[in-house]
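Counted the way this note's numbering counts, the sequence shown spans residues 205 to 409.
Backbone N, C-alpha and C fix where the C-beta goes; we use that ideal spot for every residue, glycine too.
Some notes on the structure that comes next.
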Amino acid sequence: MKQEINPKDTNRAIAFELWAKSPNPMVTLTKTFDVTRLCKVSRRRGMKFNMLLCWCIGRAASQIEEFYMLPQNGKLYRYDRMAINVIVDNVKGGLSFCDVAVSDNLEQFNAKYLHLTEATSQTCKDILDDEAVIVGTSAVTGTELDSIVNQYNGIFNNPFLAWGRYRKGWLKTTVPISFQFHHAQMDGKHAARFLEELQRAIKTI
Numbered sequence: 205m206k207q208e209i210n211p212k213d214t215n216r217a218i219a220f221e222l223w224a225k226s227p228n229p230m231v232t233l234t235k236t237f238d239v240t241r242l243c244k245v246s247r248r249r250g251m252k253f254n255m256l257l258c259w260c261i262g263r264a265a266s267q268i269e270e271f272y273m274l275p276q277n278g279k280l281y282r283y284d285r286m287a288i289n290v291i292v293d294n295v296k297g298g299l300s301f302c303d304v305a306v307s308d309n310l311e312q313f314n315a316k317y318l319h320l321t322e323a324t325s326q327t328c329k330d331i332l333d334d335e336a337v338i339v340g341t342s343a344v345t346g347t348e349l350d351s352i353v354n355q356y357n358g359i360f361n362n363p364f365l366a367w368g369r370y371r372k373g374w375l376k377t378t379v380p381i382s383f384q385f386h387h388a389q390m391d392g393k394h395a396a397r398f399l400e401e402l403q404r405a406i407k408t409i
């Protein structure tokens, strides 16, 4: 469920005043992650790498209060739950979208991920959760990428992570991940904490 709140009653009061009406309110940070552990878990348990990374993203984001607040149309909303948006290749050759609810339980998240992505792919119909705050993701695995920058105009204000193909080295496997967020929602320190939490979630899965 989402509820409109007064920005002045939150720790985002000043940031909201500065950035809510900015024509370019988005900020992008890129960090290279050690995903060696994810690759091992993926192989050993037969789980998709992308699913595992999405689960870690949800685990990290759900620990940070600012992720549950989102500016929309000049207003600030607070949500009580979170979902990860996944872009799916559908059977018609296009793209469809589905929202997978964040869960502490990996097996439960995996089951929902597999069910929703398959349903979305086959029906070509988006499965969206309008009452959850959405963390967007995009896996562009056709090539290795150093960074991805999405729209900067504030039409889509939700946090967004994107990455390319992971890179295998002698001792570890890495992937740069770009994290885009609305400056009215969080500051650099919140984004940095999230990126640190994400690396911790990846290494301890």
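Using 8 Å as the limit for Cβ to Cβ distance, is residue i near chain C?
i: residue 403; result: Absent from the structure is chain C; it holds one protein chain and no more.
Distance check for residue j and residue i, CA to CA, integer angstroms please.
i: residue 404; j: residue 289; result: 21 Å
i: residue 286; j: residue 381; result: 20 Å
i: residue 310; j: residue 349; result: 27 Å
i: residue 402; j: residue 367; result: 14 Å
i: residue 391; j: residue 321; result: 32 Å
i: residue 298; j: residue 346; result: 16 Å
i: residue 337; j: residue 295; result: 28 Å
i: residue 276; j: residue 207; result: 12 Å
i: residue 400; j: residue 339; result: 17 Å
i: residue 318; j: residue 293; result: 13 Å
i: residue 209; j: residue 373; result: 47 Å
i: residue 395; j: residue 335; result: 23 Å
Give the C-beta separation of residue i and residue j to the nearest angstrom, bearing in mind that I take them to be a contact with Cβ-Cβ under 8 Å.
i: residue 325; j: residue 300; result: 7 Å
i: residue 274; j: residue 409; result: That belief does not hold up - the Cβ atoms of residue 274 and residue 409 are roughly 27 Å apart, past 8 Å.
Who are the near neighbours of residue i in its chain, counting only those whose CB is closer than 6 Å to its CB and skipping five residues on each side?
i: residue 271; result: 265
Sorted by chain position, which residues of the same chain lie with C-beta nearer than 8 Å to residue i's C-beta, five sequence neighbours on each side aside?
i: residue 260; result: 242, 402, 405, 406 and 409
i: residue 205; result: 283, 284, 285 and 335
Excluding sequence positions up to five away, which residues of its chain have a Cβ less than 7 Å from the Cβ of residue i?
i: residue 314; result: 251 and 255
List the residues that DSSP assigns as beta-bridge partners of residue i.
i: residue 343; result: 367
i: residue 380; result: 236
If you pair each beta-carbon of the stretch 235 to 245 with each one of the stretch 377 to 395, do three or more pairs fall below 8 Å? Short answer: they touch.
Does the stretch 384 to 397 come close enough to the stretch 240 to 257 that 3 or more CB-CB pairs lie under 8 Å? Taking 8 Å as the limit for Cβ pairs, the verdict is that the stretch 384 to 397 does not touch the stretch 240 to 257.
Quick test of the definition: if touching needs 3 or more C-beta pairs under 8 Å, does the stretch 206 to 222 touch the stretch 269 to 282? The stretch 206 to 222, when compared against the stretch 269 to 282, does touch it at the 8 Å Cβ threshold.
May I ask you to verify whether the stretch 263 to 282 touches the stretch 245 to 255, counting CB pairs closer than 8 Å and requiring at least 3? Under the 8 Å Cβ criterion, the stretch 263 to 282 does not count as touching the stretch 245 to 255, having fewer than three qualifying pairs.
Give a yes or no on contact between the stretch 215 to 230 and the stretch 350 to 365, applying the rule of three or more CB pairs nearer than 8 Å. Three or more Cβ pairs drawn from the stretch 215 to 230 and the stretch 350 to 365 lie within less than 8 Å of each other, which places the two stretches in contact.
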